[in-house]
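Quick note: the sequence shown uses our numbering, first residue 31, plus one each step. For every residue, glycine included, the Cβ atom is placed at its ideal position computed from N, Cα and C. No experiment lies behind these values; they were computed from the predicted model shown. Report on the structure given below.
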Amino acid sequence: MFSVHIKNKTSKTADLKYIRLLTLFFIFMCMLFGSGCEENTKKKLWSQIKTLDMEKTELERQIKQLEGEKESLLRQIAKLTELGPEARLWAYPKIERVHVRNRTGLFDKDKDGTKETLIVYVQPFDVSGDPFKAAGSIEVELWDLNSEPDGALLKKWVLDPEDMQDLWAGTIMTNYYRLKFDVADILATHKEDLTINVIFFDFISGKVFRQQVVVEQ
Numbered sequence: 031m032f033s034v035h036i037k038n039k040t041s042k043t044a045d046l047k048y049i050r051l052l053t054l055f056f057i058f059m060c061m062l063f064g065s066g067c068e069e070n071t072k073k074k075l076w077s078q079i080k081t082l083d084m085e086k087t088e089l090e091r092q093i094k095q096l097e098g099e100k101e102s103l104l105r106q107i108a109k110l111t112e113l114g115p116e117a118r119l120w121a122y123p124k125i126e127r128v129h130v131r132n133r134t135g136l137f138d139k140d141k142d143g144t145k146e147t148l149i150v151y152v153q154p155f156d157v158s159g160d161p162f163k164a165a166g167s168i169e170v171e172l173w174d175l176n177s178e179p180d181g182a183l184l185k186k187w188v189l190d191p192e193d194m195q196d197l198w199a200g201t202i203m204t205n206y207y208r209l210k211f212d213v214a215d216i217l218a219t220h221k222e223d224l225t226i227n228v229i230f231f232d233f234i235s236g237k238v239f240r241q242q243v244v245v246e247q
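Okay, structure coming up:
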């Protein structure tokens, strides 16, 4: 009986040691896993903080830029108010005349041996004789004066300031409006020299300028 009791006691002691070791192992694993999770969480938080800090810096830059633009606009408004509309109008270049350059004509732009494009060069000049981008609209009429009166007007184009905005061009020596029109269908049935009539409406002075030019086929 005594030996049985000793064996049972020894077995229980071994079981307790095993349970304690197993418990310690689980505690260690939990601590290790918890430490890894905590480290990942810290990394994610630091990444979010850095991102937010960068966004904050960008927003501050944009606010500063907008404040600068606001100050600039306020100064412009104050200056324009001080000058008044009459002074501003007086400072704008005054149109004196409109000239259709002699480069105006019919061209073979696609190099197929047949002319198909009408290019019109229009120059508004100020009182000093300098070409400038005057605000206005342009009408271009294409005529065949050899035809019967009721069929003499072949085509009419009307360009407003919005259409002309990107048509201002030039060279080192001068500037002009460069107007380009497709006239392939017209030239197919009209082989004689044609006439163009250019009408420029100045939006500032209300003046109307006209010039007629013959274009050779």
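For residue j and residue i, the rounded distance between their alpha carbons
i	j	result
Y122	L96	29 Å
Q78	T87	14 Å
E222	K100	60 Å
D81	L103	According to the sequence displayed, residue 81 carries Thr and not Asp. The alpha-carbon atoms of T81 and L103 are separated by roughly 33 Å.
V150	G236	22 Å
G181	A165	32 Å
K141	E178	32 Å
F230	T111	31 Å
Q247	K210	16 Å
R105	Q92	20 Å
L189	S167	6 Å
G200	Q242	22 Å
D83	G98	23 Å
Span of the alpha helix (DSSP H) around residue i
i	result
L217	214-219
E178	Per DSSP, E178 belongs to no alpha helix (DSSP H) and is neither H nor E.
E192	191-194
Pair within 7 Å by beta-carbon distance, residue i and residue j
i	j	result
V130	V244	no
L175	T134	no
P161	N205	yes
K124	V157	yes
V128	F239	yes
Identified DSSP bridge partners for residue i
i	result
E171	K186, N227
P161	F155
F137	T147
7 Å Cβ cutoff, residue i in contact with chain C
i	result
E192	Here chain C cannot be found, since the structure has a single protein chain.
Limits of the beta strand (DSSP E) - the one that residue i falls within
i	result
E126	125-130
F239	238-245
- Is it true that the segment 208-223 meets the segment 128-148, where meeting means three or more beta-carbon pairs spaced less than 8 Å apart? yes
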